[in-house]
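Below you'll find the structure, written out as structure tokens, and then a few comments.
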Amino acid sequence: LMFPSVRHWISLNPGAAFALALLLYTASQVPGLADTPPVGGDEAWVAGVGRAWRMDGRLRNPMLDQIWPEPLAVLQDAQMCNGWIGYITGLGAWTRIVGEDLWSQRLSSWLLGSAAIGLAYVVAARFGGPAAGRWAAALLATRSLFWASSRMVRPDTAMALLFLATFALWLR
């Protein structure tokens, strides 16, 4: 049997080669999820609200329970109506399945970010063909802000994914 060279295989299978490269790139990010970047204040806040929802069904931050007196606690619940509800309830459900440690919570953002990279390929490929899709996915994957966001417990990657999903549905 004669095996084709790597360059020849890539020229015959550019989509498969790109998918393999994307898989290797994203998989290389998983081991250090709990180490980089350092834990931010927002991460602790979001994780606390997600845990509280999972424990008692209320969207509140237990860290603020000691600060806000009871009459003002309703403001804490009202604050949750600013668009984070879907992300936080999803995070609460995720931690019920996977666990509450930092790595598990950051894994949710990493998975959402990986899906956003794949969807960026799909959306751009519809506009400009497979080459445009590869460029869009590569640019998103190597953007430092996106890289950091997909490694933190924040809704940024979820918002990127939802934007791309909305755009993909609009293109249909």
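To convert, note that position 36 of the sequence shown is 27 in this note's numbering; the numbers rise steadily by one, no gaps. C-beta atoms are modelled at their ideal positions from N, C-alpha and C, and glycine is treated no differently. All figures in this text were calculated on a predicted structure; none of them were measured in a lab.
Determine, using beta carbons only, whether residue i and residue j come nearer to each other than 7 Å.
{"i": "A151", "j": "A128", "result": "no"}
{"i": "R125", "j": "F9", "result": "yes"}
{"i": "R87", "j": "R117", "result": "no"}
{"i": "V40", "j": "I76", "result": "no"}
{"i": "V37", "j": "V144", "result": "yes"}
{"i": "G81", "j": "S141", "result": "no"}
{"i": "L155", "j": "A107", "result": "yes"}
{"i": "L13", "j": "R97", "result": "no"}
{"i": "W85", "j": "S100", "result": "no"}
{"i": "V114", "j": "F158", "result": "yes"}
I'd like the span of the alpha helix (DSSP H) that includes residue i, first residue to last.
{"i": "V114", "result": "L93 to G119"}
{"i": "R87", "result": "I76 to V89"}
{"i": "G147", "result": "Residue identity differs from the one stated: residue 147 is Asp in this sequence, not Gly. Segment D147 to L162, the alpha helix (DSSP H) holding D147."}
{"i": "P5", "result": "P5 to A18"}
{"i": "L24", "result": "Unbroken run through L24: none, as it is neither H nor E."}
{"i": "S135", "result": "S135 to S140"}
Answer with buried or exposed for residue i, where buried requires no fewer than 16 other C-beta atoms within 10 angstroms of its C-beta.
{"i": "R42", "result": "buried"}
{"i": "S2", "result": "exposed"}
{"i": "T148", "result": "buried"}
{"i": "S(-4)", "result": "exposed"}
{"i": "L162", "result": "exposed"}
{"i": "A18", "result": "exposed"}
{"i": "G109", "result": "buried"}
{"i": "G83", "result": "buried"}
{"i": "V89", "result": "exposed"}
{"i": "D92", "result": "exposed"}
Examine the ligand FMN and report whether any of its heavy atoms sits within less than 6 Å of the Cβ of residue i.
{"i": "A84", "result": "This structure lacks the ligand FMN; in fact it carries no ligand of any kind."}
Which whole-angstrom value describes the C-beta separation of residue i and residue j, a residue pair presumed to lie in contact below a C-beta threshold of 8 Å?
{"i": "A132", "j": "P28", "result": "Incorrect: roughly 17 Å between the Cβ atoms, too far for contact."}
{"i": "G31", "j": "P121", "result": "Not quite, the Cβ-Cβ distance comes to about 37 Å (not below 8 Å), so this is no contact."}
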